[in-house]
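Written out below as structure tokens is the structure these notes cover.
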Ligand SMILES: [Zn+2]
Ligand SMILES: [Zn+2]
Ligand SMILES: [Zn+2]
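Residue numbers (the working numbering): 97 to 343.
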């Protein structure tokens, strides 16, 4: 696991300098998170007494006298923490925390869904989810990982591991050449360009017509010849700017 949170505790002085300057001294617990957020927690409440979120740079240094110093900077703000005689000083592995959704078939680790991905708590494995995907209770016949449900013209159930069962192949099997280019009549091919799943004209680069496949299912034909999608925000033509589309 690559990410660690540094934790130390003891008699701390936290000095914040920005638009205002504040100094807090007390027995506190200090966290330095992987995103370079620094939090100084005293005895009271859930809120840190001093903090700097997502600093541009953080340094942690130990001095000869045994104290720990942290300097965090973000733009014109600086948080300095000095901790004398620390009673705790360690770095611990951390992951994103989210809803537990199953068990990794190989590592036995708990799979959690957080931050648009499914992560295995027992390894570095991380499976980014397609936008709008729902994770299902059922697992992949090939690898045992959970399946996700994705709408791209139709409902596809594919493995969350894109190396195992690529969504692109499933969509291509179903929709490659299914519609014709409204500009030149060539078939529209399922392609991935700059990370997006599209249907693009077969005559590319002579014809550059291409449409992003919306998250939704095909329910009708538009007057322009392209399909109509039912999406979370309503019906629309594959061509989002189509003038012949009528609701
Ligand atoms: Zn699989
Ligand atoms: Zn074309
Ligand atoms: Zn249309």
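All residues carry an ideal CB built from backbone N, CA and C; glycine is no exception.
Three-state secondary structure assigned by DSSP to residue i
i           : result
residue 145 : coil
residue 326 : strand
residue 99  : coil
residue 296 : strand
residue 312 : strand
residue 106 : strand
residue 334 : coil
Contact under 7 angstroms by Cβ, residue i with residue j
i           : j           : result
residue 127 : residue 164 : no
residue 192 : residue 168 : no
residue 100 : residue 187 : yes
residue 182 : residue 122 : no
residue 271 : residue 249 : yes
residue 318 : residue 305 : no
residue 235 : residue 242 : yes
residue 199 : residue 256 : no
Identity of the residue in the options nearest residue i by Cα
i           : options               : result
residue 278 : 259, 258 and 338      : 338
residue 159 : 269, 322, 180 and 216 : 180
residue 315 : 242, 294, 251 and 115 : 251
residue 301 : 280, 310 and 202      : 280
Sheet register partners of residue i (DSSP bridge)
i           : result
residue 157 : 165
residue 174 : 113 and 169
residue 341 : According to DSSP, residue 341 bridges with nothing at all.
residue 118 : 112
residue 281 : Answer by DSSP bridge pairing: none, since residue 281 is not bridged.
residue 135 : 127 and 147
residue 235 : 242
residue 288 : 293
residue 52  : Since the first and last residues shown for the chain are 97 and 343, residue 52 lies out of range.
Check: residue i C-beta below 6 angstroms from any heavy atom of ligand 4
i           : result
residue 290 : Ligand 4 is absent from the structure shown, which contains only ligand 1, ligand 2 and ligand 3.
- Query: Which ranges would you report for the alpha helix (DSSP H) in the segment 240-276 if only whole runs of at least 4 residues count?
  - Reply: 263-271
- At what residue ranges does the segment 176-229 contain a whole run of the beta strand (DSSP E), taking only runs of 3 or more? 195-199, 206-210, 213-216 and 222-224
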